[in-house]
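Trainee:
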């Protein structure tokens with residue numbers, strides 16, 4: 192059996208930062224496993240930037256950053272965690288800058304900053320529109336420097352623990368098809384988000400299937416605030432691929448069928464720079480009320496107009512966006528407006544952790560989008576996710592390194608490996624009455640319709656039933672590819688099974704939260720209800736397989752809840 | 044909506060099972076707007092679940108899905124099917140794995156060898172203590188014109204497309220390859236880096252002078268990086284730091300000298316200046332043939348009319364670099 196002091200699952204920003212942190216400790220045996228090659232991780236797709244109160248453009252402070260974040264979260268974020276993140280932000284940005292990260296610069300040589308939705312200052316550090324990409328590459332480069340061990344194209348299947356302490360994971364080596372027990376004193380889950388559940392309408396990479404939360408759920412580890420799924424306002428009409436908020440930060444307009452800048456109705460002061468939940472709802476409302484456009488495929492959309500920015504600015508600040516618009520929509524933003532609609536984007540909810548990424552199982556950590564600290568509460572501000580992953584990746588790495596210094600291995604029950612082998616064998620032997628592609632599309636429709644931008648009780652009840660029905664029908668999906676070398680048919684099936692499991696928690700959370708807050712917008716309960724719902728939802732699977740929901744208070748330090756106005 | 048019937052001719056191979064690669068054809072209806080990657084996934088979902096390919100971000104930023112489409116390496120995710128049909132004026136598209144790496148299965152290749160080569164070339168910043176502040180209370184100053192020197196090269200997504208198209212990678216196993224060498228250059232001109240001059244030596248030890256400037260890496264790069272430009276500039280750095288006693292550098296110097304002398308390329312002296320007497324002997328037979336055909340000129344060349352202007356232009360160009 193493979194054996195490590197610390198095993199990190201996932202090699203995006205959180206996983207790599209955790210790896211870097213642990214690689215500073217001498218004598219630790221650490222490995223990072225990833226479904227993909229590290230630099231393919233979805234962190235690389237983040238375009239816009241990363242927030243830190245550097246004050247390089249306008250006077251700023253971590254406290255103001257914290258207030259904007261808490262307000263943006265609709266007061267559901269834990270304020271101790273937010274304060275910690277905002278306090279660490281300037282230092283961690285400089286740390287990455289010292290590692291060689293090529294931030295865009297001001298004429299005076301300092302890191303440039305631009306305005307982003309929901310922030311009161313130009314606070315977002317960026318590297319043109321490739322911020323996540325260069326961050327991922329820089330962290331990977333430093334991992335090479337520090338001789339971090341990578342096991343690429345390995346797929347984690349399950350967590351092994353004894354109810355109190357983590358023992359390791361069971362994982363599938365995709366190249367060979369072999370299933371391995373991997374023993375570790377500590378495991379850090381950094382598997383990313385799960386917005387692929389909205390398969391046909393999402394900005395996410397193909398692999399953002401909620402593997403971490405699904406594994407946690409199966410292992411009895413609670414998930415937090417799962418009902419909060421952020422729809423990014425500007426996804427490309429057909430593919431859902433993202434047009435960065437930087438495009439609005441640079442001055443882009445949103446335009447409806449009547450040629451009107453409709454944001455004046457929803458956020459007269461902030462206009463296009465209002466927070467994401469608000470802008471997404473505004474676009475969706477325009478479309479519902481007949482002021483959107485419709486194409487021949489039936490996609491409804493509005494326009495993001497950048498033409499007035501001019502060719503020079505578009506080429507300099509938004510080159511990737513221009514290329515995406517040309518490649519995927521056949522539209523050159525220098526000459527034409529870009530057709531866009533909201534797209535499922537970010538998972539605010541995730542595995543329940545404290546500020547060090549600790550879960551209820553000792554030695555098991557979660558960081559980044561798969562975890563929920565929570566710093567984003569009911570709605571994440573642009574530029575805060577790249578910050579979240581590095582800050583809490585680092586903290587989880589540090590804490591895990593301390594933990595393994597004081598703790599030894601616990602026994603790893605090898606029957607857990609055989610259990611996974613049998614599960615996979617069963618997938619080959621299923622009757623094939625249901626097809627993966629059909630169920631995946633159905634799940635996408637059920638979730639978009641029942642637990643999308645606008646929600647209401649009746650539709651959600653139907654959605655919950657349908658998700659459970661899809662889960663039952665999924666027992667008939669057959670893996671036809673029998674060859675174990677890079678069996679992507681098997682991989683996609685396992686990923687789908689994870690998505691269904693996580694989908695159920697989203698709908699259940701949404702059904703039980705009878706209020707509107709942040710990204711969770713209920714037409715039957717349009718008001719925020721602090722009296723009853725200023726609290727985190729916690730969902731866990733009981734030993735008999737049912738989901739159980741409970742609640743946990745929000746940590747409030749400095750900022751008393753107030754109405755959110757923009 | 045417009046759709047076309049397209050035959051995808053896909054190269055299949057499972058080294059553990061198949062004796063040799065073979066092609067399998069799939070005919071599907073492709074709607075306008077569909078990418079090659081979407082078509083591959085459609086085939087996998089609806090016709091043949093055993094088809095193996097890599098894909099992840101589907102928006103040209105992760106570098107997973109490079110394949111050969113009608114012989115030309117591209118990212119499947121950002122390639123429109125209709126465009127390809129129009130370019131090749133066909134309804135058949137041949138999809139194959141990229142070259143210069145072993146096939147693991149079907150369209151999936153083993154890029155470990157390429158990456159391992161890069162890893163040996165120290166592709167990371169080694170901070171210069173004179174530039175990078177000791178504490179995290181300060182940031183380094185990097186001016187926009189300094190960033191501009193290496194910014195483009197940080198766009199690389201490690202898709203290995205350039206590596207697969209490189210002829211030198213195929214014949215010289217020690218050659219670093221386009222993307223790794225371009226990354227070496229990226230750090231060589233980062234003001235925060237302490238290795239700086241050493242970077243050119245790394246390029247040197249990975250045979251950067253063997254690049255023949257065919258420009259294929261520039262043609263195929265989905266991020267329009269032109270790794271060859273980085274390699275040329277790295278060569279320039281190596282000459283600057285005095286790594287001149289090698290055929291590549293001497294060749295460049297011979298060009299330079301000849302232009303300085305007369306404004307024209309003195310091809311007669313070129314072999315002598317590049318490789319010494321050995322060079323003359325190697326080129327003797329071709330030289331004699333050239334003389335007999337009246338193609339050779341005298342080794343003593345009169346400067347061209349605009350010689351002084353040319354020298355001034357060369358001087359200014361060096362200053363700009």
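Chains as they are written, first to last, in this note's numbering: chain A, 192 to 757; chain B, 44 to 364.
Don't be surprised by glycine CBs; every beta carbon is placed ideally from N, CA and C.
#1: Could you pull the start and end residues of the alpha helix (DSSP H) that residue 278 of chain B belongs to?
#2: Thinking just about the alpha-carbon of each residue, which of A/244, A/481 and A/663 is nearest to the one in residue 453 of chain A?
#3: Roughly how many whole angstroms lie between the Cα atoms of residue 673 of chain A and residue 281 of chain A?
#4: Are the C-beta of residue 402 of chain A and some C-beta of chain B separated by less than 7 Å?
#5: By the 10 Å Cβ neighbour count, where 16 or more other Cβ atoms means buried, how is residue 178 of chain B classified, buried or exposed?
#6: Near residue 411 of chain A, what residues of its chain come up, given a Cβ to Cβ distance below 7 Å and the 5 sequence neighbours on each side ignored?
#7: To the nearest angstrom, how far is it from the Cα of residue 273 of chain A to the Cα of residue 565 of chain A?
#8: For a minimum of 3 consecutive residues, which ranges assigned as the beta strand (DSSP E) are wholly contained in the segment 578-648 of chain A?
#9: Using the Cα positions of residue 288 of chain A and residue 184 of chain B, report the straight-line distance between them to the nearest angstrom.
#10: On the DSSP bridge list, what partners appear for residue 65 of chain B?
#11: How should residue 86 of chain B be labelled, buried or exposed, when 16 other C-beta atoms within 10 angstroms of its C-beta is the threshold for buried?
#12: From which residue to which residue does the alpha helix (DSSP H) around residue 131 of chain B run?
#13: Let's test the definition: count the other Cβ atoms within 10 Å of the Cβ of residue 258 of chain B and tell me whether it reaches 16, buried, or not, exposed.
#14: How many angstroms separate the CA atom of residue 193 of chain B from the CA atom of residue 272 of chain B?
#15: May I have the straight-line CA-CA distance separating residue 647 of chain A from residue 716 of chain A, to the nearest angstrom?
#16: Can residue 468 of chain A and residue 570 of chain A be called in contact, C-beta distance under 7 Å?
#17: What does residue 121 of chain B reach in chain A if we use C-beta pairs closer than 9 Å?
#18: Are the CB atoms of residue 418 of chain A and residue 240 of chain A nearer to each other than 7 Å?
#19: Which ranges does the beta strand (DSSP E) cover as unbroken runs of at least 3 residues, wholly within the segment 200-274 of chain A, from first to last along the chain?
#20: Please name the residues in the segment 664-698 of chain A whose beta-carbon is closer than 7 Å to at least one beta-carbon of chain B, in chain order.
#21: Using a Cβ-Cβ cutoff of less than 6 Å, which residues in the same chain neighbour residue 294 of chain B once the five nearest sequence positions on both sides are dropped?
#22: Please list, in chain order, all residues of the same chain as residue 286 of chain B whose beta carbon is under 8 Å from its beta carbon, the five residues on each side excluded.
#23: Excluding the 5 residues preceding and the 5 following residue 151 of chain B in the sequence, name in chain order all residues of the same chain whose CB lies nearer than 8 Å to its CB.
#24: Can you pull the chain A neighbours of residue 99 of chain B, defined as C-beta to C-beta under 7 Å?
#25: Starting from the C-beta of residue 399 of chain A, find all residues in its chain whose C-beta is less than 7 Å away, skip the five residues before and the five after it, and write them out in chain order.
#26: Please state if the CB of residue 221 of chain B and the CB of residue 260 of chain B are separated by a distance shorter than 7 Å.
#27: Hey, is residue 186 of chain B's beta-carbon within less than 7 Å of any beta-carbon in chain A?
#28: Would you mind telling me which residues of chain B sit closer than 8 Å to residue 304 of chain A, beta carbon to beta carbon, in chain order?
#29: Kindly identify the DSSP beta-bridge partner or partners of residue 534 of chain A.
#30: Counting only beta-carbon atoms, is residue 256 of chain A nearer than 7 Å to chain B?
#31: What three-state label does DSSP hand residue 187 of chain B in the structure shown?
#32: How would you label residue 235 of chain B, buried or exposed, when you count the other beta carbons within 10 angstroms and need 16 or more for buried?
#33: Can you give me the start and stop residues for the alpha helix (DSSP H) that residue 248 of chain B sits inside?
#34: Using a Cβ-Cβ cut-off of 6 Å (strictly less than) and excluding sequence neighbours within five positions of residue 592 of chain A, which residues of its own chain qualify?
#35: What residues from chain A crowd round residue 237 of chain B, counting only those whose CB sits closer than 7 Å?
#36: Could you check how far apart the C-beta atoms of residue 574 of chain A and residue 230 of chain A are, in whole angstroms? I think they sit under 8 Å.
Mentor: Considering the structure as presented:
#1: Here the alpha helix (DSSP H) through residue 278 of chain B covers 270-283.
#2: Nearest of A/244, A/481 and A/663 to residue 453 of chain A, Cα basis: A/481.
#3: The alpha-carbon atoms of residue 673 of chain A and residue 281 of chain A are separated by roughly 51 Å.
#4: For residue 402 of chain A, no Cβ of chain B is located within less than 7 Å of the residue's own Cβ.
#5: Classification of residue 178 of chain B: exposed, given that the 10 Å Cβ count is below 16.
#6: Around residue 411 of chain A, the same chain offers 731 and 732 as residues with beta carbons nearer than 7 Å, after the five sequence neighbours per side are excluded.
#7: Rounded to the nearest angstrom, the two C-alpha atoms are 8 Å apart.
#8: DSSP runs (the beta strand (DSSP E)) wholly in the segment 578-648 of chain A: none.
#9: For residue 288 of chain A and residue 184 of chain B, the distance between alpha carbons rounds to 10 Å.
#10: In DSSP, residue 65 of chain B forms a bridge with B/55.
#11: By the neighbour-count criterion, in which 16 or more other beta carbons inside 10 Å mark a residue as buried, residue 86 of chain B falls on the buried side.
#12: Residue range 124-131 is occupied by the alpha helix (DSSP H) that includes residue 131 of chain B.
#13: It is exposed - the Cβ of residue 258 of chain B has fewer than 16 other Cβ atoms within 10 Å.
#14: Approximately 11 Å, taken between the alpha carbons.
#15: Their Cα atoms are separated by approximately 8 Å.
#16: Yes. Within cutoff.
#17: In chain order: 514, 515, 518 and 519.
#18: Taking 7 Å as the cut-off, the Cβ atoms of residue 418 of chain A and residue 240 of chain A do not count as close.
#19: Considered as a whole, the segment 200-274 of chain A harbours 221-225 as its complete beta strand (DSSP E) runs of no fewer than 3 residues, in chain order.
#20: Going along the segment 664-698 of chain A in chain order, one finds 671, 672, 674, 676, 677, 679 and 680 with a Cβ nearer than 7 Å to chain B.
#21: Excluding sequence neighbours, residue 294 of chain B sits near 317.
#22: Within the same chain, residue 286 of chain B has close Cβ partners 243, 244, 247 and 292.
#23: So the qualifying residues of the chain are 95, 96, 97 and 140.
#24: Taking the beta carbon of residue 99 of chain B as reference, the chain A residues within 7 Å of it are 227, 231, 396, 397 and 398, listed in sequence order.
#25: So the list reads 233, 383, 384, 385, 386 and 387, once near-sequence residues are dropped.
#26: Yes; because the gap between Cβ atoms is below 7 Å, this pair is in contact.
#27: Closer than 7 Å to the CB of residue 186 of chain B there is at least one CB belonging to chain A.
#28: By Cβ distance, chain B contributes nothing, its closest Cβ being about 12 Å from residue 304 of chain A, past 8 Å.
#29: Under DSSP, residue 534 of chain A forms a beta bridge with A/423.
#30: Closer than 7 Å: no.
#31: Note: residue 187 of chain B maps to helix in three-state DSSP.
#32: Its Cβ being crowded by 16 or more others within 10 Å, residue 235 of chain B is buried.
#33: Looking at the DSSP string, the run of the alpha helix (DSSP H) that includes residue 248 of chain B is 240-248.
#34: Correct list, in chain order: 213 and 216.
#35: Going along chain A, no residue has its Cβ under 7 Å from residue 237 of chain B, so there is no contact; the nearest lies around 11 Å.
#36: Wrong, their Cβ atoms sit about 21 Å apart, outside the cutoff.
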